[in-house]
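J.: Chains as they are written, first to last, in UniProt numbering: chain V, 1 to 747; chain C, 1 to 158. Yeah, the Cβ is synthetic: ideal placement off N, Cα and C, and Gly gets one too. Provided herewith is a single structure, encoded as structure tokens, for subsequent inquiry.
This is the structure:
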């Protein structure tokens, strides 16, 4: 393990794709022009490369490379459908292959809801470029001008002479042509789109319903061993002693290997652990129970998350930084007619991917080959290379389907474990984390304690808002002594709050991390949307005003949110201006969907919330029913403005999924630590929403010609505050500490 | 050696009788359509049929399946055309797809014993199957569609 290297801050930014300007509101590094002619190792013998992404076989089969990881968001369908459209390919003759990890494809880090945002134009270019080559090939074959030829439905035709050639017939000639100058490419107008904007079914749908798919857990190699790893319960602990004689006697056990981890900051390095390798998973799991391991202490061993959050709720540390300042907060608060304050708390959360982390690896003559459910295959190359002491380009990463991911599978520690063990035993090794392993050794969503103070004028409008947050930063996982939230974290709805309030101040307070802090679907937006929307809702109640009308009023006049002159430099993105008009429109659409204010019976209530994240705008209205201290969420209306849409059905599905993901974390999601170790273990004590708790969901997809925004994450943040505001409206308690199950039972 | 009947075929495995059926299917027989999710019968990802009843393979010792008829997702239909598989396709149910083998097997066991379930009966029968992606609304809709297909012969039968 000596080769595991801890990255510094700058390397982390490079490695993670998280630029300082962030993955959300404040900017995206878009793809630079990609190399278009490169060898593609995945092509079958007859497929001819027109560019990195498009290959055509003489039998007419078009192969499109999916270079982003499929985790349920539909990207293996969405990006290829853009290529196929510009290519005028027949979708029935299109075959999708998954790319290996390889920088020739550009960014493969499937994270931050940015696959379509970052690659929409590139995919069109790949399709249009290949089509131009096919047209030129046909024109040359016929001795006519290319301008006289048109591509239609997998063929190039010459209308004047009524001749036509199939793409397969043109492939060999086209593959010899030089790449067209991108500036000369012709693109379709939206009214000519055949697949873009259409509900094309997922390419893996038929295989999924037959159970004929390969996820990370499913890879089988000849002579493979199955590993189960006991890891140190607390961060930073190392192996002190291992007594494994009983474990070695379990039938099927082949070897027991130490993983001497425990480095800090932990980055993507495997944790300290002892691996049992056996001929089957069951034997490995049984033998693991017979290990007797002692671990060294670390500075995190006394971490008690509930006590820490309670202390932060009572008193914030003085060590702090102001991240935004507008007007004069002291004057604003002192001059207010009415004052209010509240503390909002969100606990640590774990991704709970249905498929736990899993990877299979073998050493090869030239390096190492890995099969894994990873969101970031190029990062996996680097991390695996570090684990086995080779160069990243010697690591071949095959990306399987991901049995959901939500950010967990961006961290390839599990792939490094498999590779390290495969090298140690000189045999292929599959590592499957148990559910308990996943719950107890995650990269956790950061807890958050937010203190809000506000002042209302005589009309009930908020004129002053002071927001203070204590929350560990993701950066603590990658660099030492990081205790303050970074720009890319406070840019997720905290330092760039959209409300038209004249006196505002936002500050971050020093909060050390005692576990691996990671990113989980919508990241800090979960915490900040909960705090901000809850506080606005509380202000509306204090002012005696309708919460939805109050939200609209507080958002103020149509404008672009711009915090550059208020101390938060990153709070402005010229390419994707943060539009109050779109924010308000999302609220108006959800208002119309519900028929707000809807009539309710005793014990029922509606709550509303709105949030901007990942370049998109989402408003949510939720109805709850409370009976005998038992709350049930019955209806959730969600309106999304994500700009132009590639696949409306998958966008709908992502909104349905975001509602249910959001309800799980709101109602019952909590990871807590005692003595440095995670208390929860499986779905009995870390429950997820089940079908009988699933509400009626109504999705409004707002028609828009704006640039593409994110889809996978932005539905999640407004769910929690819409639920807790609905509970308050229904006559229940004002819930400021998530999850709701701490105070009410869940129906 | 244990003798098992899986998807109509006789299979012999050399396994500890206490090994859960899940790992026999996945590791010894390479029938990987049945998924691991929790190992404690909490999530339903490993659901298979034993004599037509939905069971959690992760918590069923393989010895308990000897002599019974085991059906996995691979054996639900010959061509992937079980009414539920067709309905899953029509409603575009899956997102990541990982839990869907178990969802389909639970739903198939439900329809086999109750061809016309009410919404409450569907939710009750499916309550042991977690979908983290949140496909529940479509699962419920697809089961209703498949139930309609199944009862057609009875309704239209002359």
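What residue range is occupied by the uninterrupted beta strand (DSSP E) comprising residue 230 of chain V?
T.: 225-231
J.: Taking 8 Å as the threshold (beta carbon to beta carbon), is residue 113 of chain C in contact with chain V?
T.: no
J.: Any C-beta of chain C within less than 7 Å: which residues of the stretch 646-657 of chain V qualify?
T.: 649, 653, 656 and 657
J.: Judging by CA-CA distance, which residue of V:102, V:88 and V:86 is the nearest neighbour of residue 52 of chain V?
T.: V:102
J.: Among V:422, V:554, V:352 and V:411, whose alpha-carbon lies nearest the alpha-carbon of residue 457 of chain V?
T.: V:554
J.: For a test of the three-state rule: what should DSSP assign to residue 655 of chain V, helix, strand or coil?
T.: helix
J.: Could you check how far apart the C-beta atoms of residue 5 of chain C and residue 69 of chain C are, in whole angstroms? I think they sit under 8 Å.
T.: 5 Å
J.: Which word fits residue 466 of chain V, buried or exposed, when buried means at least 16 other C-beta atoms lie within 10 angstroms of its C-beta?
T.: buried
J.: For residue 673 of chain V, name the three-state secondary structure that DSSP assigns.
T.: strand
J.: Using only alpha-carbon positions, find the residue among V:97, V:355, V:513 and V:534 that is nearest to residue 43 of chain C.
T.: V:355
J.: Take residue 718 of chain V and list the residues in its own chain whose beta-carbon comes closer than 7 Å to its own, dropping the five residues that flank it on each side.
T.: 529, 533, 609, 610, 611, 618, 619 and 620
J.: On the three-state DSSP scale, how would you describe residue 495 of chain V?
T.: coil
J.: Counting only beta-carbon atoms, is residue 147 of chain C nearer than 8 Å to chain V?
T.: no
J.: For the putative contact between residue 34 of chain C and residue 25 of chain C, defined by C-beta atoms under 8 Å, what is the C-beta separation to the nearest angstrom?
T.: 5 Å
J.: Given that residue 109 of chain C touches chain V, what residues does it touch there, using C-beta distances under 8 Å?
T.: None at all; the shortest Cβ gap to chain V is about 15 Å.
J.: Tell me whether residue 1 of chain C is buried or exposed, calling it buried when 16 or more other Cβ atoms sit within 10 Å of its Cβ.
T.: So residue 1 of chain C ends up on the exposed side.
J.: Report the rounded CA-to-CA distance for residue 246 of chain V versus residue 288 of chain V, giving the unit in angstroms.
T.: 10 Å
J.: Give the single residue among V:694, V:723, V:445 and V:75 whose Cα lies nearest to the Cα of residue 116 of chain V.
T.: V:75
J.: Any idea if residue 564 of chain V is buried or exposed, counting beta-carbon neighbours within 10 angstroms, 16 or more meaning buried?
T.: exposed
J.: Between which two residues does the alpha helix (DSSP H) carrying residue 207 of chain V extend?
T.: Residue 207 of chain V: member of the alpha helix (DSSP H) spanning 205-210, first to last residue.
J.: For residue 321 of chain V, which of helix, strand or coil comes out of DSSP?
T.: strand
J.: Taking residue 8 of chain C and residue 52 of chain C to be in contact with their CB atoms under 8 Å, please state how far apart those CB atoms are, rounded to whole angstroms.
T.: With 8 Å as the limit, residue 8 of chain C and residue 52 of chain C do not qualify as a contact, their Cβ atoms being about 13 Å apart.
J.: Taking Cβ to Cβ, would you say residue 32 of chain C is nearer than 8 Å to residue 48 of chain C?
T.: no
J.: Do you know offhand how far residue 642 of chain V's Cα is from residue 113 of chain C's?
T.: 44 Å
J.: Would you verify that the beta carbon of residue 121 of chain C is, or is not, closer than 8 Å to some beta carbon of chain V?
T.: no
J.: Go through its chain and collect everything with a Cβ distance to residue 713 of chain V's Cβ below 8 Å, but skip five positions before and after it.
T.: The beta carbon of residue 713 of chain V lies closer than 8 Å to those of 112, 113, 521, 522, 523, 525, 613, 614 and 658 in the same chain, with the five residues before and after it left out.
J.: If you reduce the DSSP assignment to three classes, tell me which class residue 562 of chain V lands in.
T.: coil
J.: Residue 94 of chain V to residue 695 of chain V, Cα distance in whole Å?
T.: 37 Å
J.: Grab me the residues of residue 39 of chain V's own chain with a C-beta within less than 6 Å of its C-beta, minus the 5 sequence neighbours each way, in chain order.
T.: Bear in mind that the predicted position of residue 39 of chain V carries a pLDDT of just 36, short of 50, making it too unreliable to give a figure here.
J.: Residue 605 of chain V by DSSP, collapsed to three states: which one?
T.: strand
J.: Helix, strand or coil for residue 70 of chain V per DSSP?
T.: coil
J.: Does the distance from the C-beta atom of residue 134 of chain V to that of residue 167 of chain V stay below 8 Å?
T.: yes
J.: State the Cα-Cα distance for the pair residue 720 of chain V and residue 590 of chain V, rounded to the nearest angstrom.
T.: Put simply, the backbone Cα of residue 720 of chain V is about 16 Å away from that of residue 590 of chain V.
J.: Within the stretch 127-212 of chain V, note down every full beta strand (DSSP E) run reaching 3 residues or more, in order along the chain.
T.: 150-152, 155-158 and 163-166
J.: What residue range is occupied by the uninterrupted alpha helix (DSSP H) comprising residue 483 of chain V?
T.: Run containing residue 483 of chain V: none; DSSP gives neither H nor E here.
J.: Check residue 610 of chain V in the structure and name its three-state DSSP category.
T.: strand
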